[in-house]
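Sequential numbering of the sequence shown, starting at 1, is according to the numbering used here. A virtual CB, placed ideally from N, CA and C, is assigned to each residue, including glycine.
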Amino acid sequence: MMKKKNISASKASLVLFLCQMVSALDVPLDSKLLEELLQPPTIIQQSPKDYIVDPRENIVIQCEAKGKPPPSFSWTRNGTHFDIDKDALVTMKPNSGTLVVNIMNGGKAEAYEGVYQCTARNERGAAISNNIVIRPSRSPLWTKEKLEPNHVREGDSLVLHCRPPVGLPPPIIFWMDNAFQRLPQSERVSQGLNGDLYFSNVQPEDTREDYICYARFNHTQTIQQKQPISVKVFSTKPVTERQPVLLTPTGSTSTKVELRGNVLLLECIAAGLPTPVIRWIKEGGELPANRTFFENFKKTLKIIDVSEADSGNYKCIARNTLGSAHHVISVTVKAAPYWITAPRNLVLSPGEDGTLICRANGNPKPDITWLANGVPIAIAPEDPSRKVDGDTIIFSHVQERSSAVYQCNASNEYGYLLANAFVNVLAEPPRILTPANKLYQVIADSPALLDCAYFGSPKPEIEWFKGVKGSILRGNEYVFHDNGTLEIPVAQKDSTGTYTCVARNELGKIQNEVQLEVKDPTMIIKQPEYKVIQRYGQVSFECIIKHDPTLLPTVVWLKDNDELPDDERFLVGKDNLTIMNVTDKDDGTYTCVVNTTLDSVSASAVLTVVAAPPTPAIIYARPNPPFDLELTGQLERSIELSWVPGDENNSPITNFVIEFEDGLHEPGVWHYQTEVPGTQTTVQLKLSPYVNYSFRVIAVNEIGRSQPSEPSEQYLTKSANPDENPSNVQGIGSEPDNLVITWESLKGFQSNGPGLQYKVSWRQKDVDDEWTSVIVANVSKYIVSGTPTFVPYEIKVQALNDLGYAPEPLEVIGHSGEDLPMVAPGNVQVHVINSTLAKVHWDPVPPKTVRGHLQGYKVYYWKVQSLSRRNRRHVEKKILTFRGNKTFGMLPGLEPYSSYKLNVRVVNGKGEGPASPDKVFKTPEGVPSSPSFLKITNPTLDSLTLEWGSPTHPNGVLTSYILKFQPINNTHELGPLVEIRIPANESSLILKNLNYSTRYKFYFNAQTSVGSGSQITEEAVTIMDEAGILRPAVGAGKGYSETLFATSPVMHIVRPTFYKVQPLYPRIRNVTTAAAETYANISWEYEGPDHVNFYVEYGVAGSKEDWKKEIVNASRSFFVLKGLTPGTAYKVRVGAEGLSQGPGVRSSEDVFETGPAMASRQVDIATQGWFIGLMCAVALLILILLIVCFIRRNKGGKYPVKEKEDAHADPEIQPMKEDDGTFGEYRSLESDAEDHKPLKKGSRTPSDRTVKKEDSDDSLVDYGEGVNGQFNEDGSFIGQYSGKKEKEPAEGNESSEAPSPVNAMNSFV
């Protein structure tokens, strides 16, 4: 039962005084009750404190209040009574305190300016409004002034002052032109908070005569216009740039005071050229996040909802390229009063205690004053029940005469707060507001809430009874709420009945009866099922329900959670839904929803519409779980389990799986018990002692396993001796003098009873000794100490519990701990099979000396030194392990021509024994590795210098080096192969009598007496002939000249002293470039592993653009960059990717310059219009000359052209001049002029305008004798070693261009 005890007056006063607790009544919001209870006035609506009115409209000053009895209203104006009856223009609305001043009938708003206050009063007290300051809005005209034009020098700053008239409220300022278009603003030109227009620097485009400032007064909807301002900007060259200077605010510091909760606006506008950029910071702190905004191109800092924490120094910094200026604004945030705890109305009973608390804060701290019924409390009528203590009024033992309205005023220099709070002392007998005999209906097993809304003063106590003469309700099955509501958390059918609520206080008692009916829940006992139906068939869904007979259910069918289609094919019956002539659009989910006034249930099924097959589709699924599990025939070691199978879902059940849970030892863990055929629904199960069994059954068909059934009831079997002993018993020593016995403990259900322990027994094998036994707790290990080293033991472990021992266990054999072997293998012999393989033999050690399980033998071997180099190095021992009792083994991976040592050791479970004496053996010679490097340097016209390094692994005594080389032509065909044998003590040679401008491929390897090692290859090119060497007559271009080789020394051995530094691998070096006008050949040397991918990166030298990347095909060491710009410096570097270890490598940068552009190479004039026109004109001229010649010949006359033809043969068929190596048709312009044959001089191609193949093949282009060198068809550069850096002008017969129409025209014109 819910009880509330009254506290005595003396004790209550102490509690209220110390803790300021409020004991007050809550008045229910019942309209009938509120109409009957007396209540002091409460102001519910009033005009704002600062009330600006439109002087053209009536003034309405609001004051609305409520109370019982209804309050009367009075007003004061400027602190004195305002008698509205004496002013015909002032009326008060009926049943209200709102004043209406009729300005529109001749009144003037200025006459009613002042401070107004409303008082609402009834017999219980008086409430007052705020002081309402009435002020009419003002929109004065602009003061006339004479505005002089502004003449400003370009780049100077300028301020156009607006100076709007002072209005109420202040106007909104904006600048426009004569066309009423807003003037554009930017970082350079912007409007300040005071309305002035600021120019950080003026530009010529700022010249105009219609800068107009407008002031909009929103209250009166008027706009005032200032006279236009003229600005003329004059230019001076050059314009002087200036560092920033602040236009506003002036000086280095200023102050700003803002009130808490307002918007803080700080402004900085600067002059300067270039236009300064403004930045804001707060000294010693950060600008507040989420409340900081920047406006007017960051010239205005705006912080919303400011608080005292926002006080501080704010610095604006104006900066341009010449310097900066700053200004510090010291911001102080003050606060008008704001509530911490506003006083709240009190409803008290006679004799009760209470408090009114009025707490406010502000900056400065506000003063708190109290009024009673609108009169300062100091001069108000005395009330012995109240005591004022600063911001608190304490009421003790109040009476009905203590009712009043109290006002709390919190004020400081920035404003005030005024709050009304009444104390209403009521003496009321209990009232129950819940209607009598109200009927509550709930569904069984759901909560029931029975209301008993009440009121009384003092606060009544509430008690509940069941039945008219029932006992008071108590206990945990009920919950009693403070508002009088009785809650029955789980209502049952027997909860139905009459419940009586009794409310009593010292003034009376009242009771009310309510009725509770508990209904049966609504259930769908036959739910709609999943259906697959043929198209155009008929389908029916069932929905059979069970419900409380007193409830009227309604059944609604839904399709896809929406209403059924409006179609006569859908037939809704009492318990079913039938769909006739099914179509594809009927596919979906159908839901049966059953509603009553108290509950709602639903069930759904899916309809699948399929094409009309011969037979309907059968849905196969896993079976439903079995149910109704039952245990019968309980015995100590067996029990019978039976069940009912679930739906097999069109796939016969093949078997049932039975699982059990041991709730005593492993609750929540299910174990496999057995399984039976699918036709069987009972099974006799074997049980273990001391197990709390629960069983469940799983059905299995071809589709899968069902969900497990619900568990059966539990069955606890009796305890018994253990049936079995631990498994996996082992005895293995961890130390030479102990025996560690281990086993797998029995599981909980295997213990057969409480107090599970183990009896551990052991004795030495083959020794007449008694068993030693010890009983241990439920563990899995026992250690026997003080045993001999590695001797066999017989071991057994037996289980026991409080009822006895398990059967006699089986014995197992274990061994005590091992120790290191005592002796080393003897008679170690080595047989060397070849240069990399040897076979080692040894005698086994006696078994007793092993002192453990023999695991095998280990052979340690290591290289002492290489016989070819005689240098010792760090000994890295290698180990080979041979398992079991082997007495030989193979040693692979040996290095040829080296000295080795080895020894052999026996190994047991403890470790290795002593090593045998070291045995020395040597490997024979092998073939060497490839030379460590091959470098080809110093290319000349007919020679190359080769340098190499000896093999890293000579694997014997080197006898010689073999060098093979052959030329490579333009199509990558290889020429004849030349082989040279070089003494082993040489490290370089010079190859002479090679062909110039020819690529050679070299193959180089070393030899020992065993044979040749792997070879290393390189390619190199001899440089081109810079002096115009004659083409070889025979065998040219095919490689090495055999005639020169036969008569000249092939090589010259040089023996300089070299100090070689082993290169760091991999690396790319010696990047060489040879450039033409629009292309360049890049070649390099690479040292490192094979199978890498090269790439070339290039770009314009000195540019910040990204490198361009070109991928090099295969593993070539050269590349042609095409599409370059003539006369441009480029940077280039070469890189390699795809290294197996580490990142790729790159060469250092190289810089080259392409040759200057040639007119003939810049534009193909053969496609130009002017060229085609010129050719047509020439052809026409030739035709005219031919006609004239023909006419003159017919007349028999002589003509100069004929004489010239007779004197000179056609140059098209002149052979190449053999004496100077040039072509006959390439003559200088001077000689052509002397010949007076411009037409013949220009005829350098056949008449069909094509180049003859013979001429093209004989062109010097093929031999790379051009100024910058040329390229072969495979892209390789012939003249890359020519050493020429700049392109020389082509003169006379030095041209390397093939004959073409373009060349002919160039020389013709």
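Close beta carbons around L265, own chain, < 7 Å, minus the five adjacent residues each side: Looking up residue 265 in the sequence shown gives position 265. Counting only Cβ-Cβ distances below 7 Å, and skipping sequence neighbours, we find L193, T300 and K302.
Close Cβ partners of K1344 (< 6 Å) along its chain, the five nearest in sequence each way excluded: Because the chain in this structure spans residues 1 to 1309, residue 1344 falls outside the shown range and cannot be described.
Helix, strand or coil at P847 [DSSP, three-state]: Sequence index remark: in the sequence shown, residue 847 carries index 847 (1-based). Three-state result, P847: helix.
Exposed unless 16 or more other CB atoms sit within 10 angstroms - verdict on A1020: Residue 1020 sits at position 1020 when you count from the first residue of the sequence shown. Around the beta carbon of A1020, a 10 Å sphere encloses 16 or more other beta carbons of the protein chains shown; the residue is thus reported as buried.
Cβ neighbour criterion (16 or more within 10 Å) applied to Y530: Counted from its first residue, the sequence shown places residue 530 at position 530. The residue in question, Y530, is exposed, as its Cβ has fewer than 16 Cβ neighbours within 10 Å.
Option nearest T253 by Cα separation, candidates K298, P70, N728 and I329: Locating residue 253 in the sequence shown gives position 253, where the first residue counts as 1. It is I329 whose Cα lies nearest to the Cα of T253.
Test: T945 CB closer than 9 Å to a CB of chain C: Going by chain labels, chain C is absent from the structure shown, which holds only one protein chain.
I269 vs S324 beta-carbon contact at 9 Å: Here the question's residue 269 lines up with position 269 in the sequence shown. Here the question's residue 324 lines up with position 324 in the sequence shown. With contacts defined as CB atoms closer than 9 Å, I269 and S324 fail to qualify as a contacting pair.
A1006, DSSP secondary structure in three states: For the purposes of this step, residue 1006 is identified with residue 1006 of the sequence shown, where counting begins at 1. Strand at A1006.
Residue from T222, G195 and T392 with nearest C-alpha to I212: The sequence position of residue 212 within the sequence shown is 212, counting from 1. Nearest to I212 by alpha-carbon distance, out of T222, G195 and T392, is G195.
Any beta strand (DSSP E) of 3 or more consecutive residues that is wholly inside the stretch 517 to 599: Listed in chain order, the complete beta strand (DSSP E) runs (minimum 3 residues) inside the stretch 517 to 599 are 523 to 526, 531 to 534, 539 to 542, 544 to 546, 554 to 559, 570 to 572, 576 to 579 and 588 to 595.
T522 versus C592 - alpha carbon distance: Numbered from its first residue, the sequence shown carries residue 522 at position 522. Numbered from its first residue, the sequence shown carries residue 592 at position 592. Whole-angstrom Cα-Cα distance: 13 Å.
Limits of the unbroken beta strand (DSSP E) element including Y314: On the sequence shown, residue 314 is found 314 positions in, with the first residue counted as 1. Looking at the DSSP string, the run of the beta strand (DSSP E) that includes Y314 is G312 to N320.
Nearest-angstrom Cβ-Cβ length linking Y416 and P337, presumed shorter than 8 Å: In the sequence shown, residue 416 corresponds to position 416, counting from 1. In the sequence shown, residue 337 corresponds to position 337, counting from 1. Approximately 6 Å separates the beta-carbon atoms of Y416 and P337; this is inside 8 Å, confirming the contact.
Own chain residues within Cβ distance below 6 Å of V1096, not counting five before or after: Translated into the one-based positions of the sequence shown, residue 1096 becomes position 1096. So the qualifying residues of the chain are I1082, E1110, F1119 and V1134.
Sub-9 Å separation of Y590 and L558 beta-carbons: Counted from its first residue, the sequence shown places residue 590 at position 590. Counted from its first residue, the sequence shown places residue 558 at position 558. If you check the CB distance, Y590 and L558 come in under 9 Å.
P754 and D819 closer than 9 Å at C-beta: On the sequence shown, position 754 is the one that residue 754 refers to. On the sequence shown, position 819 is the one that residue 819 refers to. Cβ atoms of P754 and D819: not closer than 9 Å.
Bounding residues of the beta strand (DSSP E) (the contiguous stretch that carries D918): In the sequence shown, residue 918 corresponds to position 918, counting from 1. Element bounds for D918: n/a, residue is neither H nor E.
Member of Q39, E1137, V1145 and A1101 whose CA lies at the smallest distance from the CA of T1128: Working through the sequence shown from its first residue, we reach residue 1128 at position 1128. Ranking Q39, E1137, V1145 and A1101 by Cα distance to T1128 puts A1101 first.
Distance CB(L71)-CB(N130) smaller than 9 Å: If you number the sequence shown from 1, residue 71 lands on position 71. If you number the sequence shown from 1, residue 130 lands on position 130. For clarity, residue 71 is Pro in the given sequence; the question names Leu instead. At least 9 Å separates the beta-carbon of P71 from that of N130.
Straight-line gap, N995 to A1177 (C-alpha atoms, nearest Å): As a first step, residue 995 is located in the sequence shown; it is residue number 995 there, counting from the start. As a first step, residue 1177 is located in the sequence shown; it is residue number 1177 there, counting from the start. The straight-line gap separating the alpha-carbon atoms of N995 and A1177 is approximately 50 Å.
Span of the beta strand (DSSP E), counted from its first residue to its last, around A271: In the sequence shown, residue 271 corresponds to position 271, counting from 1. Segment I269 to L273, the beta strand (DSSP E) holding A271.
Exposure label - F293; buried when at least 16 CB within 10 Å: As a first step, residue 293 is located in the sequence shown; it is residue number 293 there, counting from the start. It counts as exposed.
Three-state secondary structure assigned by DSSP to N361: Mapped onto the sequence shown, residue 361 falls at position 361. Looking at N361 - three-state DSSP - the assignment turns out to be strand.
Beta-carbon gap between E145 and Q225 smaller than 9 Å: Locating residue 145 in the sequence shown gives position 145, where the first residue counts as 1. Locating residue 225 in the sequence shown gives position 225, where the first residue counts as 1. No.
Collapsed DSSP secondary structure at N1081 in the structure displayed: Counting from 1 along the sequence shown, the entry for residue 1081 is found at position 1081. Assigned with DSSP and collapsed to three states, N1081 falls in strand.
E659 vs V697 beta-carbon contact at 9 Å: Here residue 659 corresponds to residue number 659 of the sequence shown, with the count starting at 1. Here residue 697 corresponds to residue number 697 of the sequence shown, with the count starting at 1. Cβ atoms of E659 and V697: closer than 9 Å.
Cβ pair count under 8 Å reaching 3, the stretch 126 to 143 against the stretch 380 to 389: In short, these stretches do not touch, since the Cβ pair count stays below three.
For P914 and L837, believed in contact at Cβ under 8 Å, the rounded distance: Within the sequence shown, the letter at position 837 stands for residue 837. Within the sequence shown, the letter at position 914 stands for residue 914. About 27 Å; that fails the 8 Å criterion.
Own chain partners of N1093 with C-beta closer than 6 Å, once the 5 adjacent residues on each side are dropped: Locating residue 1093 in the sequence shown gives position 1093, where the first residue counts as 1. So the qualifying residues of the chain are E1137 and G1138.
Rounded straight-line distance, which links the Cα of A335 to that of V257: Against the sequence shown, residue 257 aligns to sequence position 257. Against the sequence shown, residue 335 aligns to sequence position 335. Cα to Cα, the separation comes out at about 10 Å.
Top-ranked residue by Cα proximity to P343, from L287, N409, S307 and N290: As a first step, residue 343 must be located in the sequence shown, where it is residue number 343. That would be N409, whose Cα lies nearest to the Cα of P343.
Beta-carbon separation (whole angstroms), A427 vs P460, contact threshold 8 Å: In the sequence shown, residue 427 corresponds to position 427, counting from 1. In the sequence shown, residue 460 corresponds to position 460, counting from 1. Not quite, the Cβ-Cβ distance comes to about 13 Å (not below 8 Å), so this is no contact.
M890, DSSP secondary structure in three states: Residue mapping note: residue 890 aligns to position 890 of the sequence shown, counting from 1. Here M890 sits in strand by DSSP.
Pick from T91, I1191 and I443 that is closest to D548, judged by C-alpha positions: Translated into positions along the sequence shown, residue 548 becomes position 548. For D548, the nearest C-alpha among the options comes from I443.
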